[in-house]
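Those protein sequence lines, which keep their order, are chains A and B.
Every letter in the first sequence is one number past the one before it in full-length UniProt numbering, and letter 130, counting from 1, is 130.
Every letter in the second sequence is one number past the one before it in full-length UniProt numbering, and letter 63, counting from 1, is 63.
Ideal Cβ placement from N, Cα and C applies to all residues, glycine included.
Here the structure is a predicted model, which means the values were calculated and not measured.
There are 2 protein chains.
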Amino acid sequence: MKNIIIASTSTVHGSGYLEYILDELKTFFKNADSILFIPYARPGGISHDEYTNTVKTAFAIINKTVNGIHEFENPVEAVANAQAIFTGGGNTFVLTDQLYRNNLIEAVQKAVKNGTPYLGTSAGSNICGLTIRTTNDMPIVYPPSFNALALVPFNLNPHYLDPDNNSKHMGETRETRIKEFHGFNPQPVVGLREGSWLHVNGDSIVLKGSLTARIFEKGKTPYEVDPETELNSLK
Amino acid sequence: MKNIIIASTSTVHGSGYLEYILDELKTFFKNADSILFIPYARPGGISHDEYTNTVKTAFAIINKTVNGIHEFENPVEAVANAQAIFTGGGNTFVLTDQLYRNNLIEAVQKAVKNGTPYLGTSAGSNICGLTIRTTNDMPIVYPPSFNALALVPFNLNPHYLDPDNNSKHMGETRETRIKEFHGFNPQPVVGLREGSWLHVNGDSIVLKGSLTARIFEKGKTPYEVDPETELNSLK
């Protein structure tokens, strides 16, 4: 049975890495002593080791050990044997490219379907959707496909930002970008604000945290849903 | 001899479409009565006809006629025969995808090398660089390549935005994104603020408008350059 947390961000303003969600993760990872970390998204271009060390420090607080997938000779086996998986944020294109290069798309899908708990934040959440076509990231590498893990039947937009009505900047708002996405793609998009997450438990998909989320369905006016809303009919 | 304007935006805040740059365009397009418009980037998902009509209205003020490339049976021939070319803004992935699908990459490169004046704004400027890997746009379609027209030996970041030090949003700043780009790509990036443009004239590449531009070179601290700076050694 699928057991997934799809979080908008690893860090909320003024708080430490994963701090806002650590109580939740204690419960979520209750049956795992160790977590396999996928550091491929490399925020700020840092090394896999540096990134993994940040994650080790955060999870030590709830007594979990962490190993980076880059430490294993065979990453596909590492995923298959993992007690739990965490994919961190950074650049979604770099992450997706590395998942394909290491033959990990099917491996992660299989593990999650078999019940291995999966936590994603930011880029690690983007890849839970059908495609990465609603990422906010810069396309700094060219992955072999934009198709993602498809763990949920829609797309995600983490770090969702409301339009700033005082801005004089002429770049597109997030809402305009997602509207353009629907000119070429049929699936719904969940705009997850920082501090929000989706908890997927079997067929149930529930919005968590204290904020509403913004739902974009093709041909419909975007709308807000409250925390604890069940989103399993969204497809 | 190459004759190109690479503009950050079509429109500055509080002003009409192309209004801020229309005097410049009068000179730039002085030898052309008609302009071939490439509307493929489709801002806001509008149709090619709607987009072309906006451009027709703007250029009527300086007595230029405009035809959309989608009105021609053979777009490659349309480019070869054009007196001048304008590629408008919108989504850079959609634009790039359509350029490849219509076999226009080489056609536009050849026309520009032969001296056909080329104006790009926003997405139409992004594609003047070596690749589209520094676009701000959402990857709503998967183009066959991120390689672009390579009319200049660097990448562009139109609509360049300075970090907002008051923001509580945890998404990456533009500067961080470009730093991550340099983890995987060697070429410089020119961050063009709205209202700025580059004028390419043969081997000369000069920053125009009233604002400074921000230059990002791999391994160097980013720096500002003043209007009228010659950028022909940037590569």
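Candidates A/His169, A/Pro188, A/Ala58 and A/Pro163: which alpha carbon is nearest leucine 156 of chain A's? For leucine 156 of chain A, the nearest C-alpha among the options comes from A/Pro188.
Residues of chain B with CB closer than 8 Å to the CB of phenylalanine 146 of chain A, please, in chain order. For phenylalanine 146 of chain A, the chain B residues whose C-beta falls within less than 8 Å of its own C-beta are Pro139 and Tyr142, listed in chain order.
Counted within 10 angstroms of its Cβ, other Cβ atoms place tyrosine 223 of chain A as buried (16 or more) or exposed: With fewer than 16 other Cβ atoms within 10 Å, it is exposed.
Using 9 Å as the threshold, is the C-beta distance between histidine 159 of chain B and glycine 171 of chain A below it? Yes.
Beta-carbon gap between lysine 208 of chain B and phenylalanine 154 of chain B smaller than 9 Å: When the beta-carbon positions are compared, lysine 208 of chain B and phenylalanine 154 of chain B stay at least 9 Å from each other.
In this structure, what does DSSP give as the bridge partners for alanine 150 of chain A? Residue pairing from DSSP leaves alanine 150 of chain A without any beta-bridge partner.
Between lysine 26 of chain A and the rest of its own chain, which residues show a CB-CB distance below 6 Å, the 5 nearest in sequence each way excluded? Sequence-distant Cβ neighbours of lysine 26 of chain A in its own chain, meaning closer than 6 Å and more than five residues away, are Ile62.
Below 8 Å on C-beta distance, what does glycine 133 of chain B contact in chain A? A quick correction: the sequence has arginine, not glycine, at residue 133 of chain B. The contact set of arginine 133 of chain B on chain A, defined by CB atoms closer than 8 Å, consists of Met138, Pro139, Ile140, Val141 and Tyr142 in chain order.
Threonine 176 of chain B: contacting residues in chain A (beta-carbon distance under 8 Å): Within 8 Å Cβ-Cβ: Gly44.
For serine 233 of chain B and valine 152 of chain B, what's the separation of their Cα atoms in angstroms? Serine 233 of chain B and valine 152 of chain B: Cα-Cα distance of roughly 11 Å.
Within the continuous alpha helix (DSSP H) that includes isoleucine 21 of chain B, where are the two ends? Boundaries for isoleucine 21 of chain B: no alpha helix (DSSP H) harbours it, and the DSSP string shows neither H nor E there.
Determine, using beta-carbon pairs with one atom in the stretch 182 to 200 of chain B and one in the stretch 3 to 13 of chain B, whether at least three such pairs fall under 8 Å. Because the criterion of three Cβ pairs below 8 Å is met, the stretch 182 to 200 of chain B and the stretch 3 to 13 of chain B touch.
Given a cut-off of 9 Å on the beta-carbon distance, is the pair phenylalanine 93 of chain A and glycine 68 of chain A in contact? Contact flag unset, no.
Pop quiz: threonine 65 of chain A and aspartate 33 of chain A are said to be a contact at Cβ under 8 Å. What is the actual Cβ separation, rounded to whole angstroms? Confirmed, about 6 Å.
So what's tyrosine 223 of chain B in DSSP terms, helix, strand or just coil? Reduced to three states, the DSSP call for tyrosine 223 of chain B is strand.
Please state whether the Cβ-Cβ distance between proline 75 of chain A and asparagine 103 of chain A is less than 9 Å. In this structure, asparagine 103 of chain A lies closer than 9 Å to proline 75 of chain A by Cβ.
Terminal residues of the beta strand (DSSP E) in which alanine 213 of chain B lies: Taken as a continuous stretch (DSSP letters only), the beta strand (DSSP E) holding alanine 213 of chain B covers 213 to 216.
So which residues of chain B does glutamate 180 of chain A contact, with C-beta pairs closer than 9 Å? Chain B residues near glutamate 180 of chain A: Arg42, Pro43, Gly44, Gly45, Gly90, Asn91, Val94, Asp137, Met138 and Ile140.
Between glutamate 50 of chain B and chain A, is the shortest Cβ-Cβ distance under 9 Å, so that the two count as touching? Under the 9 Å criterion on CB atoms, glutamate 50 of chain B is classed as non-interfacial with respect to chain A.
Could you name the residues of the stretch 183 to 217 of chain B whose beta carbon sits closer than 8 Å to any beta carbon of chain A, in the order they occur along the chain? Listed in sequence order: Gly183, Phe184, Asn185 and Glu194.
So is serine 125 of chain A buried or exposed if we call it buried at 16+ other beta carbons inside 10 Å? Looking at its Cβ environment, which holds 16 or more other Cβ atoms inside 10 Å, serine 125 of chain A is buried.
So if DSSP puts alanine 60 of chain A in a beta bridge, which residue, or which two residues, is it bridged to? Looking at the DSSP assignment, alanine 60 of chain A forms no beta bridge with any residue, so it has no partner.
Sort out for me which residues DSSP pairs asparagine 67 of chain B with in a bridge. According to DSSP, which records beta bridges pairwise, asparagine 67 of chain B is partnered with B/Leu36.
Pick from B/Glu228, B/Glu180, B/Asp203 and B/Val225: whose alpha carbon is nearest that of tyrosine 40 of chain A? Checking every option, the nearest Cα to that of tyrosine 40 of chain A belongs to B/Glu180.
Cβ distance (whole Å) where leucine 119 of chain B is taken to contact phenylalanine 28 of chain B below 8 Å: Taking C-beta atoms under 8 Å as the contact rule, leucine 119 of chain B and phenylalanine 28 of chain B qualify, at a distance of about 7 Å.
Using only the alpha-carbon positions, how far apart do isoleucine 205 of chain B and asparagine 3 of chain B sit? Isoleucine 205 of chain B and asparagine 3 of chain B have their C-alpha atoms spaced approximately 10 Å apart.
State buried or exposed for arginine 42 of chain A, treating a residue as buried only when at least 16 other CB atoms are found within 10 Å of its CB. Arginine 42 of chain A is buried by the Cβ-count criterion.
Looking at the C-beta of glutamate 19 of chain A, does it have a partner C-beta in chain B at a distance below 9 Å? So, not an interface residue.
Can you give me the Cβ contacts of arginine 177 of chain A inside the same chain, cut-off strictly under 6 Å, excluding the 5 residues immediately before and after it? For arginine 177 of chain A, where only same-chain residues beyond five positions count, there are no Cβ hits under 6 Å.
DSSP on glutamate 175 of chain B, reduced to helix/strand/coil? Helix, per DSSP.
Which of helix, strand or coil DSSP assigns to lysine 235 of chain A: Three-state DSSP puts lysine 235 of chain A in coil, outside helix and strand.
Would lysine 26 of chain A count as contacting chain B if we go by Cβ distances under 9 Å? It does not: the Cβ of lysine 26 of chain A has no partner Cβ on chain B nearer than 9 Å.
So serine 168 of chain B contacts chain A; which residues on that side make the cut at Cβ distance below 7 Å? For the record, residue 168 of chain B in the displayed sequence is lysine; it is not serine. One finds His13 in chain A with Cβ atoms closer than 7 Å to the Cβ of lysine 168 of chain B, taken in chain order.
Give me the chain A residues within the contact set of histidine 70 of chain B, using Cβ-Cβ distance strictly less than 7 Å, ordered along the chain. Neighbours of histidine 70 of chain B on chain A: none; closest Cβ ~16 Å, over 7 Å.
Would you report the Cα separation of lysine 168 of chain B and histidine 199 of chain B, rounded to the nearest angstrom? The alpha-carbon atoms of lysine 168 of chain B and histidine 199 of chain B are separated by roughly 37 Å.
Put glutamate 77 of chain A into one of helix, strand or coil per three-state DSSP. Helix, per DSSP.
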